[in-house]
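For reference, the structure is listed below as structure tokens.
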Ligand SMILES: Cc1cc2nc3c(=O)[nH]c(=O)nc-3n(C[C@H](O)[C@H](O)[C@H](O)COP(=O)(O)OP(=O)(O)OC[C@H]3O[C@@H](n4cnc5c(N)ncnc54)[C@H](O)[C@@H]3O)c2cc1C
């Protein structure tokens, strides 16, 4: 049995390894490293093809930073090869355990969205295998429609076999990082505005704290820049991070993360830095991937798993809608164990179904408490739709077909490029 990161449910049919030379006759879906939280990487009625063995580097130009690799390569593997040569991923999510193909299929965003947009902007070409055509090359000038549909196309247009990715130059494996406490949405937006020149920004949010029934939106704003050689950190230059990760061996009791424990954790975390501002030199690994240091942390939520809820809402009236969502959560009796706030910039995403749009993105983790959690999500969805925002399919396991079609009006155009033999549980659910 296998599932996605949030483990909303299990799939019985074992995964098969993808073999380019064998014809596929059933319904199918390419599966990466299953770091999507919901059901976009799950297929109940059909065959899931595991891409993890397609993980060879094909070409790397150390002068230009252009890398070509098979689509099952993990970001962790790219970092191991490229950081010592002075190159870094142009866009990275909060975990390095994702495949290149999975990252393209969700057109992922990172802490630098406000400056560079999504990963699709750094993919000059890729190979796409479809049962009827075999492998074809897609780029902004070749098979352009399929190129646009496949970036953020949730694996539904074909199997990405290889891709080129343009890396960015770095001079150090470290970043100069600042942590700043804030309280209130205005303070968050102010810090965001003041930090536009920082390549990486993100905020950790304490969703449980409230005053007189209103969520206070207090948190820690984190911003960073790649360190440069002139800062005399030559001895630290490009060495790998050595800190050992820890493992959650078993499913924890599902009540472990309850409103009380979450609130306690949040209070400790908020006050952990003691001063209102802290500066540090940090290796890229803990800066970008703090959760990777606890392997299988998804087991903290117990056997019922958990949901991640991520939305983006436009800046216009964004403060009002965000406050509404935070009030709803703070008064719901549900605790979001990890909450992240960030802004997306105006650089358009290249994909037809890409998630990011300019505005504020909120990301929340909730233990799965069945119908009660779903009811909360329906209320949150209503606020997101009223704000003219959208939900992120990579995280989603519950949005209704109406919500999906409203969030993604391009879905009809996209359907023209979806391959009829390819499907996912997500697609079956949202296009009913
Ligand atoms: C801790 C954590 C932090 C995260 N932070 C972020 C973040 O900051 N920003 C962000 O955008 N996302 C984030 N994510 C989500 C994650 O980046 C995406 O879900 C990513 O797509 C997962 O990649 P994967 O290789 O695990 O693919 P999977 O989850 O296995 O699959 C994802 C999609 O890609 C398709 N796919 C996989 N391989 C191929 C292929 N070769 N060809 C065609 N389609 C394929 C699948 O069919 C599926 O639709 C985070 C996830 C975790 C667990």
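In the numbering used here, the protein residues as written are -6 to 425.
No residue lacks a Cβ here, since even glycine has one placed at the ideal position from N, Cα and C.
If you're wondering where the values come from, they're calculated on a predicted model, not measured in any experiment.
Beta strand (DSSP E) segment containing residue i, residue limits
i, result
"residue 176", "167 to 176"
"residue 306", "299 to 306"
"residue 273", "270 to 276"
"residue 158", "152 to 159"
"residue 40", "40 to 43"
"residue 395", "Taken as a continuous stretch (DSSP letters only), residue 395 belongs to no beta strand (DSSP E), being part of the alpha helix (DSSP H) at 394 to 400."
C-alpha distance - residue i paired with residue j, whole-angstrom precision
i, j, result
"residue 87", "residue 283", "8 Å"
"residue 168", "residue 48", "28 Å"
"residue 377", "residue 41", "32 Å"
"residue 416", "residue 425", "13 Å"
"residue 291", "residue 280", "20 Å"
"residue 418", "residue 207", "37 Å"
"residue 34", "residue 100", "14 Å"
"residue 426", "residue 127", "One cannot answer for residue 426 here, as it falls past the ends of the chain, which runs -6 to 425."
"residue 273", "residue 54", "32 Å"
"residue 358", "residue -1", "9 Å"
"residue 163", "residue 106", "18 Å"
"residue 414", "residue 147", "14 Å"
"residue 166", "residue 150", "36 Å"
"residue 412", "residue 123", "8 Å"
"residue 328", "residue 201", "6 Å"
"residue 319", "residue 364", "20 Å"
"residue 68", "residue 275", "19 Å"
"residue 293", "residue 310", "36 Å"
"residue 24", "residue 204", "44 Å"
"residue 341", "residue 138", "16 Å"
"residue 22", "residue 131", "19 Å"
"residue 17", "residue 271", "55 Å"
"residue 407", "residue 85", "25 Å"
"residue 345", "residue 1", "26 Å"
"residue 45", "residue 192", "31 Å"
"residue -3", "residue 3", "8 Å"
"residue 176", "residue 410", "46 Å"
"residue -6", "residue 220", "44 Å"
Reference residue i, options the options, closest by Cα
i, options, result
"residue 43", "171, 344, 13 and 400", "13"
"residue 287", "310, -4, 240 and 313", "240"
"residue 194", "170, 141, 211 and 179", "170"
"residue 379", "314, 392, 402 and 321", "314"
"residue 190", "218, 175 and 209", "218"
"residue 426", "301, 324 and 179", "There is simply no residue 426 to check, as the chain begins at -6 and stops at 425 in what is shown."
"residue 70", "50, 203 and 141", "50"
"residue 182", "308, 358 and 5", "308"
"residue 298", "306, 289 and 305", "289"
"residue 369", "381, 338 and 323", "323"
"residue 19", "36, 375 and 46", "36"
"residue 10", "204, 375, 152 and 367", "152"
"residue 110", "351, 21 and 328", "351"
"residue 26", "96, 61, 39 and 381", "96"
"residue 334", "348, 326, 8 and 355", "355"
"residue 57", "192, 80 and 172", "80"
"residue 301", "120, 28 and 16", "28"
"residue 422", "325, 78, 349 and 395", "395"
"residue 129", "92, 156 and 295", "156"
"residue 83", "269, 66 and 108", "108"
Residue range of the unbroken alpha helix (DSSP H) whose run includes residue i
i, result
"residue 422", "418 to 423"
"residue 69", "68 to 75"
"residue 405", "404 to 408"
"residue 27", "Where residue 27 is concerned, there is no enclosing alpha helix (DSSP H), given that its DSSP letter is neither H nor E."
"residue 371", "364 to 379"
"residue 140", "137 to 143"
"residue 98", "93 to 98"
"residue 213", "Element bounds for residue 213: not the alpha helix (DSSP H) but the beta strand (DSSP E), 211 to 219."
Any non-hydrogen atom of ligand 1 closer than 7 Å to residue i Cβ
i, result
"residue 86", "yes"
"residue 382", "no"
"residue 423", "no"
"residue 444", "Here the chain comprises residues numbered -6 to 425, so residue 444 is not present and cannot be evaluated."
"residue 448", "In the structure displayed, the chain extends from -6 to 425; residue 448 sits before or after that span and is not available."
"residue 400", "no"
"residue 304", "no"
"residue -6", "no"
"residue 99", "yes"
"residue 155", "no"
"residue 102", "yes"
"residue 329", "no"
"residue 338", "no"
"residue 404", "no"
"residue -2", "yes"
"residue 34", "yes"
"residue 24", "yes"
"residue 96", "yes"
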